[in-house]
Every structure is written in structure tokens, then in C-alpha cells.
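Colleague:
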Amino acid sequence: MDTLDGSVVLRDGVLCLHGEVDTQLVQLFQRCRPRFDDVRFVDATGVTFIGCAGLRLLAAVSPAAPVRLAASPLVLRLVHAVGMHGSFELEPADPASRPARLAAAG
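Next up, the structure:
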């Protein structure tokens, strides 16, 4: 799903978030009724804004098995602030690997 300011792509176990992950974008994405049971990696390194709806989206992704999360400093601060850091295996954001992850996600 894309809006003018952000995008969410889910493919082959990779969820890529980019730009502004706001209520409008999350609602558009949820209309597709995504299934998160096979998500093993979240790339949020390109996120410039994330609202409560975006945090709820992240919460929906983390099943019993921890999901790897690469995120921008903004997202990492919020994940820690709301106590979600234990739901993810956090890894440092590596902007160089972002194009490869996006290509893999379609």
C-alpha cells in the first residue's frame, strides 16, 4: 500500500515500512486483511513518522516467536518507550541493505 507520504509492503515474510506510517496508510493496508503469521523481519529503517496506528501494526506483527526489526532511531525510541522492545530482536539500521530488502519484498 502506498500513500503520497508513505508505504507498507508485505511479501515473503518481510514487512517494509517507509515514510509516514500514519492512520490513513495503516487503514489502507489493513483493508487487504494482511496475515502476519509468516513475518520474520520488519524493515522500518526508512520511517520518518509513526503514529499510534503504526505502533499497533507493529504489535500485530510480533507473534510468539520474536521478529527481527531494523528501524530508524525514531521508531526504536518509540518501541522502547512503549515497552515493545521485548517483542522484537532489534538490529541496527543499515541503510545500505534497504534496497535489497525492498527488492525482496517486491
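Residue 70 is where the sequence shown starts when you use the working numbering, and the numbers rise one by one after that. In this text, a Cβ means the ideal position worked out from N, Cα and C, and glycines have one as well.
Less than 8 Å between the CB atoms is what I'm expecting for Val78 and Arg109, so what's the real figure, rounded?
Modeller: No, Val78 and Arg109 are not in contact; Cβ-Cβ is about 15 Å, not under 8 Å.
Colleague: What residues in its chain sit with their C-beta under 7 Å from that of Arg102, if we drop five residues either side in the sequence?
Modeller: Counting only Cβ-Cβ distances below 7 Å, and skipping sequence neighbours, we find nothing.
Colleague: Where DSSP assigns a beta bridge to His87, which residues make up the other side?
Modeller: Answer is Ser76, Gly115.
Colleague: For Ala113, which of Leu73, His154, Leu138, Gly120 has the nearest alpha-carbon?
Modeller: Closest option to Ala113, Cα to Cα, is Leu138.
Colleague: Within the same chain, show all residues whose beta-carbon is closer than 6 Å to that of Asp91, passing over the 5 residues directly before and after it, in chain order.
Modeller: Gly120.
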